[in-house]
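Residue numbers (the UniProt record's numbering): 1 to 268.
Heads up, the thing below is written out as C-alpha cells.
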Amino acid sequence: MRPDLDPEQLDRYSRHIIMDDVGPGGQAALLDTDVLVVGAGGLGSPVLQYLAAAGIGRLGIVDDDRVERSNLQRQVVHADSDVGRPKVESARDFVTDLNPDVRVDTHELRLAADNAAALVADYDVVVDASDNFATRFLANDACTLAGVPFSHGAVFRFEGQVTTFTGEGPCYRCLFPKAPPAGTVPDCSTAGVLGVLPGTIGCLQATEVCKLAMGYGETLDGRLLAFDAGSMSVDEVPVAPNPDCPVCGDDPAIDSVAAASYEGRCEL
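Have a look at this one:
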C-alpha cells in the first residue's frame, strides 16, 4: 500500500482519510486496487462514477456498444454529445475528467470465452454490470475459476438485485443453475426500467468493491438483496453453495470457460 499520499490526494480524499475505519491506509488500498467493470451502461455508469470518485487506482471498462440517445435516461456517464461514440470512450473521458488519479483501460469488445480468462486475471475485483444472462454466466465462471471476487447486479422495471461472490461461498450458478427460457424475461428495451434504479443498485455494487479493496466489513457473499423501488422495500435472500454446481461444486464439470456454452440457456 502507499500511505505517502501527496497533498492533492490528502485534500481530494480527506473525507475518507478522517474516518478511523479508512484512514490513509484504506485510501492507499483503494488507489492500489484494479477493478474490471463489465458493461458501461445503466449499472456500469454509477459503478464507474463512484469508484473513480473514491480513488480506485485502475478501472478497466469492457463494452462493445455505442451510446444511443435512449441510454441517457439512466446511463449517467454519457452525454447527449456522446451519441454515436463507443461507450468505453465516453466513459473513459468522464472518469478522467472526474479524477485524474485513476488510470482507465478500455476494452471495446464483448466479454467472450476467448478473452474472459485473460481479462479477469489482470484485475483484483470484477463488477458484473452486464444486461444479459450469457455474459453473467461467463463472468461468473471466469471469476470463480480465477479466484477473483465479483459483484453482480441486475435491474428490471422497478426492481433490482445485488450480491457479491468472493469464492468462499456460492457462485452465480448456485443461485441460477441455468438461464430462463428465451423470451420469458424481457430486457430493458422491451420492458423498460426506472431511470434512477440502476443508480441505486450500481452504488451498492460500488460499495461492495470499496469494502473488498479495503478489507472492511461484511460483503453480500451468501446473500442476495432484492430491492423494490415501488414499495421502497428490501428483502434479503440467503444463497447457499450448491454441492452439484458445475463450476464450484464438489465435482465440477467446468474447469475452463471453454468447457461451457454461453449461448441459449447457458447449459453444459
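For glycine and all other residues, C-beta sits at the position ideal for the given N, C-alpha and C.
Computed from a predicted model, the values in this text were never measured in an experiment.
I need the boundaries of the beta strand (DSSP E) containing residue i, first residue and last residue.
| i | result |
| --- | --- |
| R103 | 103-107 |
| D235 | 233-238 |
| H152 | 150-156 |
| D34 | 34-38 |
| residue 320 | Outside the displayed range of the chain (1 to 268) lies residue 320, so it cannot be described from this structure. |
In terms of alpha-carbon separation, which member of the options lies closest to residue i?
| i | options | result |
| --- | --- | --- |
| D65 | A52, V83, D105 | V83 |
| R157 | P180, I201, A116, K178 | I201 |
| T207 | V257, H152, D244, V234 | H152 |
| D250 | A112, C174, P180, V209 | C174 |
| D131 | E8, G41, N71 | G41 |
| T106 | P241, T190, S256, L36 | L36 |
| P246 | N140, T190, A229 | N140 |
| A121 | S256, Q205, A260 | S256 |
| C171 | P198, P180, L138 | L138 |
| A118 | V104, R69, V148, R92 | V148 |
| S228 | V193, S70, K211 | Checking the sequence, you will find Asp at residue 228 rather than Ser. Answer by Cα proximity: V193. |
| G230 | E218, Y216, V196 | V196 |
| D21 | V234, P198, Y216, Y262 | Y216 |
| L72 | L10, Q205, G199, L109 | G199 |
| P243 | A154, P177, G160 | P177 |
| L98 | V234, R223, L109, Y50 | Y50 |
| C210 | G26, Q9, E8 | G26 |
| Q205 | G160, E168, S233 | G160 |
| T190 | S70, A253, A213, T219 | S70 |
| I254 | M214, E8, R92, A146 | A146 |
| Y262 | R92, D34, L111 | L111 |
| L219 | A260, D34, E168 | Residue 219 is actually Thr in this sequence, not Leu. Comparing Cα-Cα distances from T219 to each of A260, D34, E168, the minimum goes to E168. |
If residue i sits next to residue j, beta carbons under 8 Å apart, how far is it from one beta carbon to the other, in whole angstroms?
| i | j | result |
| --- | --- | --- |
| L225 | T163 | 7 Å |
| R136 | D124 | At roughly 20 Å, the Cβ-Cβ gap does not stay under 8 Å, so R136 and D124 are not in contact. |
| V88 | A52 | Not a contact, Cβ separation roughly 14 Å. |
| T166 | D221 | 5 Å |
| I17 | P24 | 6 Å |
| A142 | A258 | At roughly 11 Å, the Cβ-Cβ gap does not stay under 8 Å, so A142 and A258 are not in contact. |
| V67 | S90 | 6 Å |
| V126 | V38 | 7 Å |
| A179 | F133 | 4 Å |
| C248 | P241 | 7 Å |
| L5 | V62 | Contact flag wrong, Cβ pair sits at about 29 Å. |
Can you name the start and end residues of the alpha helix (DSSP H) that residue i belongs to?
| i | result |
| --- | --- |
| A129 | No alpha helix (DSSP H) contains A129, which DSSP labels as neither H nor E. |
| F94 | 87-98 |
| Q49 | 44-54 |
| R58 | It is not in any alpha helix (DSSP H) - R58 instead sits in the beta strand (DSSP E) that spans 58-62. |
| H16 | 14-17 |
| T219 | No alpha helix (DSSP H) holds T219; DSSP gives it neither H nor E. |
| L175 | 172-175 |
From the DSSP secondary-structure annotation, give me the bridge partner or partners of residue i.
| i | result |
| --- | --- |
| Q161 | A154, A226 |
| V125 | V35 |
| R66 | P86 |
Quiz item: Counting Cβ pairs closer than 8 Å, one from the region 44-63 and one from the region 26-34, do we hit at least three?
Solution: yes
Quiz item: How do the region 74-82 and the region 32-47 stand: do at least 3 beta-carbon pairs fall below 8 Å, yes or no?
Solution: yes
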